[in-house]
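Residue numbers (full-length UniProt numbering): 1 to 162.
Ideal Cβ positions, reconstructed from N, Cα and C, are used throughout, including at glycine.
Read through the structure below, which is laid out as structure tokens, and then see the notes.
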Ligand SMILES: [Fe+2]
């Protein structure tokens, strides 16, 4: 069996499984990118609120990795593979607003929120697309929206520009 073969399953019909893979794969890739770029932000944030933002960014990273795992494993549970190799992630998310060097917290928060918003666009599309296809997969996507929106709120609440 090659790595591209599907795993035999009776858990879902093939058409539904294919739709789930199509809709959740971009979510997996975006969340994997958020995991990497969030760490970059965690390491380079600067400002008087350093400790709070530094630690919060690590929470964002942990949550993004957990959400990616949930979405990827939902696809695999239905019998299809996910291509979330590094090169595939980089092609899906080729740029980030997170800078390469030390950055003030206000700017780095805005960059990470922009990356969260990009993922949210894909997750909301998944929720819409899965509505009549597979409620269990839609539930995974809804759970991710809830978590990302909470992290987004926490990040913006640390923005001391106002
Ligand atoms: Fe750390």
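**Report entry** Segment limits, alpha helix (DSSP H) that includes residue 109
**Finding:** 105–129
Query raised in the report: So residue 75 packs on residue 21, CB below 8 Å; how close in whole Å?
Result: 5 Å
Query raised in the report: Hey, would you say the C-beta of residue 153 is under 8 Å away from at least one heavy atom of ligand 1?
Result: no
Query - Own chain, CB closer than 6 Å to residue 162, minus 5 neighbours either side, in chain order - result: With a pLDDT of only 46 at residue 162, under the threshold of 50, the placement of this residue in the model should not be trusted; the figure read from the coordinates follows. Cβ neighbours of residue 162 beyond the five flanking positions: none.
Report task. Confirm the yes/no value for this check: CB of residue 58, any heavy atom of ligand 1, distance under 8 Å. Result -> yes
Requested in this report: Please report how far the alpha carbon of residue 16 lies from the alpha carbon of residue 44, in whole angstroms.
Outcome: 42 Å
Query raised in the report: Can you give the Cα-Cα distance for residue 90 and residue 69, rounded to whole angstroms?
Result: 18 Å
Query raised in the report: Under 8 Å from any heavy atom of ligand 1, does the C-beta of residue 54 make it?
Result: yes
Query - residue 42 beta carbon near ligand 1 (any heavy atom closer than 8 Å) - result: yes
Requested in this report: State the DSSP-derived secondary structure class of residue 98, mapped to helix, strand or coil.
Outcome: coil
Query - Inter-residue CB distance, residue 112 and residue 144 (contact presumed, cutoff 8 Å) - result: Contact doesn't hold; Cβ gap of about 16 Å is too wide.
**Report entry** Proximity below 9 Å, CB of residue 49 to CB of residue 105
**Finding:** yes
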